[in-house]
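Trainee:
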Amino acid sequence: MPTRRNFLISFVATPIVLPGLSQAAGIPVELPLTASCGDDHELTPDQTEGPYFTPQSPEKQDFAKDTPGGERLTLAGLVLTKNCQPVARALIELWHADENGTYDNSGYKLRGHQFTDADGKWWFETIVPGLYPGRTRHYHVKVQRPGGDVLTTQLYFANEPGNERDRIFNAALVLDISATSDGKFGRYDFIVA
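Heads up, the sequence shown is in my numbering, so the first residue is 31 and it goes up one at a time.
#1: What did DSSP end up calling residue 94 once you bin it into helix, strand or coil?
#2: Does the region 93 to 106 come close enough to the region 146 to 162 to have 3 or more Cβ pairs within less than 8 Å?
#3: For residue 184, is the classification buried or exposed, using 16 other Cβ atoms within 10 angstroms of its Cβ as the cut-off for buried?
#4: With distances taken between CB atoms, is the gap from residue 200 to residue 75 smaller than 8 Å?
#5: Where residue 134 and residue 144 are concerned, what is the direct C-alpha to C-alpha distance, given to the nearest angstrom?
#6: Under the three-state reduction of DSSP, which class applies to residue 86: helix, strand or coil?
#7: In this structure, how does DSSP classify residue 81 when only helix, strand and coil are distinguished?
#8: With 16 as the cutoff for other CB atoms within 10 Å, does residue 167 come out buried or exposed?
#9: If you drop the 5 nearest sequence neighbours on each side, which residues of the same chain put their C-beta closer than 8 Å to that of residue 94?
#10: According to the neighbour-count rule (16 or more other Cβ atoms, all chains shown, within 10 Å of its Cβ), is residue 89 buried or exposed?
#11: Considering only DSSP beta bridges, list what residue 215 is partnered with.
#12: Out of 221, 208, 223 and 131, point me to the one whose CA is closest to residue 33's CA.
#13: Round the Cβ separation of residue 117 and residue 150 to the nearest angstrom and send it over; I've been treating them as touching at under 8 Å.
#14: At which residues does the beta strand (DSSP E) containing residue 143 begin and terminate?
#15: Quick check on this structure: which residue in 132, 165 and 109 has the alpha carbon closest to the alpha carbon of residue 223?
#16: Determine the contact status of residue 148 and residue 217, defining contact as a CB-CB distance below 8 Å.
#17: Which residues share a DSSP beta bridge with residue 185?
#18: Rounded to the nearest angstrom, what separates residue 197 and residue 130 at their Cα positions?
#19: From which residue to which residue does the beta strand (DSSP E) around residue 156 run?
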C-alpha cells in the first residue's frame, strides 16, 4: 500500500492538465467528491469561519508535530480560477481541532498558512481532527488569490455520522480521502474569484 509521501510526491510531480486538453498519463485518480473546473466552473462555496479563527498565523506546512498522537493526514490540492487556471502565490490558511476535538485558542497549535507554488498546488501535513461538540469532523480554511477576495470555508469528511445533523455541512466541500499505509491522504481543489 502506498504511503502519504507517495501520494504527495505523485501530486507534486504531476503536471496540471486543464479541461479540454488531452489527458496525460499518470494523472492521479479522478476526484468525484471534490469540486473541479469540470463542474461548470462554480466557485467553491463559502462558509462561516466559526468562533476559533486566530489572525496572523505562522507560515508552516507541518501541523502533525503539534500533536504527535493524532492520526496522520496529508491534505493537498490546487487553487484554480473560474477559467481553470492555476493560481500561484495564493494564500491558504488552515486551522482545526486536535484529535480530542479541542482548539488551541492561546497559541498556534494546528494553525498556520502557506502559499501555493507556481502550479497552484498546496499541501499540509496534519492530523484528522477530532469531533467538536455539535459539529461533524471538519477543517477551517481561508483561501485568497493575490489581489482577490478571501474565501472562507470548511472541508468535510465523507460518510461521517455527524454530517446529516450538522446544520452547515455542505456535500460540495467533502474531501477526497485515500487510505495509505501510514495515515490518510485528502485532496480538495479550490475555485476562487
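Beta carbons are placed, not taken as given, at the ideal position from N, Cα and C, and that holds for glycine.
Mentor: Put simply:
#1: Residue 94 sits at position 64 when you count from the first residue of the sequence shown. Of the three classes helix, strand and coil, the one that applies to residue 94 here is helix, per DSSP.
#2: yes
#3: Residue numbering aside, residue 184 sits at position 154 when the sequence shown is read from its first letter. So residue 184 ends up on the buried side.
#4: Position 170 of the sequence shown, counted from the first residue, corresponds to residue 200. Position 45 of the sequence shown, counted from the first residue, corresponds to residue 75. Cβ atoms of residue 200 and residue 75: closer than 8 Å.
#5: In the sequence shown, the residue the question calls residue 134 occupies position 104. In the sequence shown, the residue the question calls residue 144 occupies position 114. Using only the alpha carbons, I get a separation of about 19 Å.
#6: Reading the sequence shown from its first residue, position 56 is the one you call residue 86. DSSP places residue 86 in coil when its eight states are reduced to three.
#7: Counting from 1 along the sequence shown, the entry for residue 81 is found at position 51. DSSP places residue 81 in coil when its eight states are reduced to three.
#8: As a working note, residue 167 is residue 137 in the sequence shown. It is buried - the Cβ of residue 167 has at least 16 other Cβ atoms within 10 Å.
#9: Here residue 94 refers to the residue found at position 64 of the sequence shown. Within the same chain, residue 94 has close Cβ partners 100, 102, 155, 156 and 157.
#10: The residue given as residue 89 occupies position 59 in the sequence shown. Per the 10 Å Cβ criterion, exposed.
#11: Along the sequence shown, read from residue 1 onward, the residue named residue 215 stands at position 185. For residue 215, which the question treats as bridged, DSSP gives the partners 104 and 208.
#12: The residue labelled residue 33 in the question sits at position 3 within the sequence shown. When each option's Cα is compared against that of residue 33, the closest is 208.
#13: Taking the sequence shown and counting its residues from 1, one reaches residue 117 at position 87. Taking the sequence shown and counting its residues from 1, one reaches residue 150 at position 120. About 5 Å; that satisfies the 8 Å criterion.
#14: The residue labelled residue 143 in the question sits at position 113 within the sequence shown. Run containing residue 143: 141 to 145, per the beta strand (DSSP E) assignment.
#15: Sequence index remark: in the sequence shown, residue 223 carries index 193 (1-based). The option with the nearest alpha carbon to residue 223 is 109.
#16: Stepping through the sequence shown from its first residue, residue 148 is reached at position 118. Stepping through the sequence shown from its first residue, residue 217 is reached at position 187. Not closer than 8 Å, so no.
#17: Translated into positions along the sequence shown, residue 185 becomes position 155. For residue 185, which the question treats as bridged, DSSP gives the partners 169.
#18: Sequence index remark: in the sequence shown, residue 197 carries index 167 (1-based). Sequence index remark: in the sequence shown, residue 130 carries index 100 (1-based). The alpha-carbon atoms of residue 197 and residue 130 are separated by roughly 21 Å.
#19: One-based indexing of the sequence shown puts residue 156 at position 126. Element bounds for residue 156: 151 to 157.
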